[in-house]
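Sequential numbering of the sequence shown, starting at 758, is according to the numbering used here. Ideal Cβ placement from N, Cα and C applies to all residues, glycine included. Owing to the predicted nature of the structure, the values given are computational and were not obtained by experimental measurement. First up is the structure itself, then whatever we jot down about it.
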Amino acid sequence: ALPIDKVGSEFTVDLEVAYNFTEEFTVTVGAKNAFDEYPDENTQYAGIAGSLYPTTSPIGINGGFYYLRGVYSF
758 ALPIDKVGSE
768 FTVDLEVAYN
778 FTEEFTVTVG
788 AKNAFDEYPD
798 ENTQYAGIAG
808 SLYPTTSPIG
818 INGGFYYLRG
828 VYSF
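Right under this line is the structure:
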């Protein structure tokens with residue numbers, strides 16, 4: 758039987774703020790995983806699979822994602 762790798766609990770925070778400059782133009786700033794959280798390291802299988810973090814982790818393995826979006830509607 759394969760050993761079970763236990764991991765700790767984590768949570769992430771997603772944020773988004775939008776401002777309508779005009780009726781046509783909106784700017785949005787946002788973050789997914791705003792506090793740049795990572796899952797626990799995959800210590801048992803890192804040498805075999807080559808993955809530092811479990812690829813099945815619900816919080817992802819890339820840390821935070823930040824963005825600026827502009828929308829012009831006509």
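Taking DSSP as the reference, what is the three-state secondary structure of residue i?
{"i": "residue 770", "result": "coil"}
{"i": "residue 777", "result": "strand"}
{"i": "residue 809", "result": "coil"}
Which residues bound the beta strand (DSSP E) around residue i?
{"i": "residue 785", "result": "782-789"}
{"i": "residue 824", "result": "822-829"}
Since residue i and residue j should fall inside the 8 Å C-beta cutoff, what is the C-beta to C-beta distance between them, to a whole number of angstroms?
{"i": "residue 797", "j": "residue 817", "result": "Not really, about 13 Å apart at Cβ, beyond 8 Å."}
{"i": "residue 781", "j": "residue 830", "result": "5 Å"}
{"i": "residue 769", "j": "residue 790", "result": "4 Å"}
CB of residue i to nearest heavy atom of the ligand FMN: below 7 Å?
{"i": "residue 796", "result": "As presented, the structure is devoid of all ligands, the ligand FMN included, so that no description of it is given."}
Check whether the stretch 805-822 touches the stretch 773-785, taking contact to mean three or more Cβ pairs, one atom from each stretch, closer than 8 Å.
As far as the Cβ criterion goes, the stretch 805-822 does not touch the stretch 773-785, which means the pair count is below three.
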